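Contents: one structure, followed by commentary.
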């Protein structure tokens with residue numbers, strides 16, 4: 001069952017043109033048969049909001065923050081006027097301006113009774129002020145344990161999430177741990193895991209040429225594809241990359257510039273066999289995975305990673321690459337298809353075993369897992385859940 005002829009407004013925590021995550025995959029597919037407005041936050045000072053409101057009243061203006069991707073998908077750079085103000089009055093003015101701004105966009109696109117798809121809990125108050133047919137909260141992280149947020153942001157997220165869980169018509173979670181936690185506050189919680197664009201990632205399985213920025217890297221190449229942030233185990237990584245100076249370790253993904261954080265310290269102080277390439281276009285990611293001898297998932301083991309359903313794991317599997325990972329629940333679930341390491345020494349040993357082994361059974365299992373977990377399948381699953389709720393089934 002495919003969702004058709006609906007309007008969906010997605011409140012996301014990241015830009016459309018950032019590293020693609022589950023919301024990008026889901027919304028791009030929903031937009032094939034539905035009208036989709038993808039709302040991404042962008043910080044502006046409050047005077048910009050007042051200036052735009054005055055211009056609109058005087059004669060109307062086209063909203064430069066609204067971008068058409070195609071005839072069914074729009075990106076709206078939603079201003080966060082006044083969000084960080086210490087003055088309650090300015091916060092309230094900023095909120096009213098934000099409500100005015102998004103309602104103006106909704107009217108312009110002729111969106112009526114939309115499905116609100118909230119990924120970022122900080123949009124909870126915004127969702128309450130928009131007329132809707134359905135409110136769906138998509139839980140993709142354990143925010144209360146997120147290591148890359150400050151204590152204040154974690155606290156704000158937790159409060160907003162609690163309100164959202166109590167008011168949402170549907171709650172979608174990506175991991176069993178989240179299912180258990182969120183079911184305490186909402187009785188309509190559904191587990192829908194991450195997935196992979198199988199055709200895109202499997203098509204280049206036999207590609208031999210490396211991307212240009214990897215041509216001069218000596219092999220073997222040990223690769224991590226994804227955000228280089230605080231969910232990774234930098235104590236383990238620092239030991240592993242120094243223990244094997246003859247190996248190349250490549251990291252493809254954004255990395256933070258926050259001074260003093262473990263991720264930024266790793267980015268600033270690493271041996272010459274480590275290559276931080278930054279973010280690459282989503283269409284090129286399969287090429288980078290294929291260029292790696294071994295793919296790794298060096299996650300920390302804590303309350304945050306306990307709730308992870310690694311999107312990159314499915315992508316590695318679609319490319320049928322040997323995978324070495326630390327021991328967290330989602331990894332344990334697929335233990336027959338990869339190599340699990342318990343510490344830094346074991347991590348090096350498992351990479352060596354993976355490089356020396358020719359295990360067709362592992363590759364066949366990886367292929368099977370990837371083919372059974374595609375984004376098209378996930379969107380069909382989500383469509384069925386939404387349709388059932390809309391029609392009271």
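Residue numbers (the numbering used here): 1 to 393. For every residue, glycine included, the Cβ atom is placed at its ideal position computed from N, Cα and C. Here the structure is a predicted model, which is why all the values come from computation and not from measurement.
Would you list the residues sitting across from residue 115 in a DSSP beta bridge? 8, 134
According to DSSP, what are the bridge partners of residue 139? 173
What number of angstroms, rounded off, separates the C-alpha of residue 361 from the C-alpha of residue 33? 39 Å
Separation of residue 315 from residue 454, as counted between CA atoms: A question about residue 454 goes unanswered here, because the residues of the chain that appear run from 1 up to 393.
Span of the beta strand (DSSP E) around residue 77: 73 to 79
Could you check if residue 166 is buried or exposed, using at least 16 other CB atoms within 10 Å of its CB as the buried criterion? exposed
Nearest-angstrom Cα separation, counted from residue 141 out to residue 338: 24 Å
DSSP puts residue 341 in a beta bridge; with which residues? 326
Among the residues of its own chain, which have a CB less than 6 Å from the CB of residue 145, if the five just before and after it don't count? 303, 304
Euclidean distance between Cα positions of residue 12 and residue 356: 42 Å
Which of the three DSSP states, helix, strand or coil, is assigned to residue 299? strand
Would DSSP call residue 379 helix, strand or coil? helix
Alpha carbon to alpha carbon, what distance is there between residue 72 and residue 25? 15 Å
Near residue 113, what residues of its chain come up, given a Cβ to Cβ distance below 6 Å and the 5 sequence neighbours on each side ignored? 133
Compute the Euclidean distance between the alpha carbons of residue 342 and residue 324, then round it to the nearest angstrom. 11 Å
Can you give me the Cβ contacts of residue 264 inside the same chain, cut-off strictly under 8 Å, excluding the 5 residues immediately before and after it? 255, 256, 257, 258
C-alpha gap between residue 426 and residue 243, whole angstroms: Because residue 426 is not part of the residues shown, which for the chain are 1 to 393, the question remains open.
How is the alpha helix (DSSP H) around residue 24 delimited, first residue to last? 22 to 30
Span of the beta strand (DSSP E), counted from its first residue to its last, around residue 70: 66 to 70
Could you give the C-beta distance for residue 136 and residue 116, rounded to a whole number, given that I count them as a contact under 8 Å? 7 Å
Given that a residue counts as buried once 16 or more other Cβ atoms are within 10 Å of its Cβ, and exposed if not, what is residue 226? buried
Could I get the ranges of all uninterrupted alpha helix (DSSP H) runs contained in the stretch 261 to 306, with 4 residues as the minimum, in chain order? 262 to 268, 285 to 290
Taking DSSP as the reference, what is the three-state secondary structure of residue 226? coil
Which class does residue 258 belong to by DSSP, given the choice of helix, strand or coil? coil
Kindly indicate if chain D contains any beta-carbon less than 8 Å away from that of residue 216. Among the chains in the structure shown there is no chain D, since it carries only a single protein chain.
What does a CB cutoff of less than 7 Å around residue 75 pick up in its chain, not counting 5 residues either side in sequence? 16, 38, 40, 67, 69
If distances are taken between C-alpha atoms only, which option among 94, 195, 234 comes closest to residue 21? 195
Within 10 Å of its beta-carbon, does residue 5 have 16 or more other beta-carbons around it, so buried, or fewer, so exposed? exposed
Using beta-carbon positions only, say whether residue 260 and residue 228 come within less than 8 Å of one another. no
Out of 198, 296, 127, which has the shortest C-alpha to C-alpha gap to residue 373? 198
Please report how far the alpha carbon of residue 371 lies from the alpha carbon of residue 384, in whole angstroms. 20 Å
State the DSSP-derived secondary structure class of residue 106, mapped to helix, strand or coil. helix
Less than 8 Å between the beta carbons of residue 188 and residue 171, yes or no? yes
Check whether the Cβ atoms of residue 320 and residue 279 sit closer than 8 Å, and answer yes or no. no
Any idea what DSSP makes of residue 35, helix, strand or coil? strand
In the DSSP assignment, what are the bridge partners of residue 190? 172
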